[in-house]
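Asker:
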Amino acid sequence: MGSWSIWHWLVVLVIVMLVFGTKKLRSMGQDLGGAVKGFKEGMKEGTAAADKPIEAQQVGHTIEGEVKEKTKG
13 MGSWSIWHWL
23 VVLVIVMLVF
33 GTKKLRSMGQ
43 DLGGAVKGFK
53 EGMKEGTAAA
63 DKPIEAQQVG
73 HTIEGEVKEK
83 TKG
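If you're matching positions, the sequence shown starts at 13 in our numbering and goes up one per residue.
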């Protein structure tokens with residue numbers, strides 16, 4: 013009674029497909045996959061930046077400019 017068999021999961025899958033439709037499930041899967049891929053790339057960039065010596069890392073940039081006119085918004 014406490015365990016779920018393969019037939020229970022198949023019934024749940026069929027119900028989910030009927031509720032959401034295959035097109036919506038496919039787009040949600042692609043979105044989730046893209047998010048995971050972006051997260052992994054961000055983690056690789058973070059570890060690569062942490063491995064560099066502190067002198068080689070960019071600390072910040074200053075953008076100089078001049079305001080010509082103040083607008084009311």
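Idealized CB from N, CA, C, for every residue including glycine.
Treat the numbers as computed from the prediction; the structure is a model and nothing was measured.
Roughly how many whole angstroms lie between the Cα atoms of Gly77 and Thr83?
Answerer: Here residue 77 refers to the residue found at position 65 of the sequence shown. Here residue 83 refers to the residue found at position 71 of the sequence shown. Those two C-alpha atoms are separated by around 16 angstroms.
Asker: I need the straight-line Cα distance from Trp21 to Ser15, nearest angstrom please.
Answerer: In the sequence shown, counting from the first residue as 1, residue 21 sits at position 9. In the sequence shown, counting from the first residue as 1, residue 15 sits at position 3. Roughly 11 angstroms separates the two Cα atoms.
Asker: Assign Lys80 to one of three DSSP states: helix, strand, or coil.
Answerer: One-based indexing of the sequence shown puts residue 80 at position 68. If DSSP states are grouped into helix, strand and coil, Lys80 belongs with coil.
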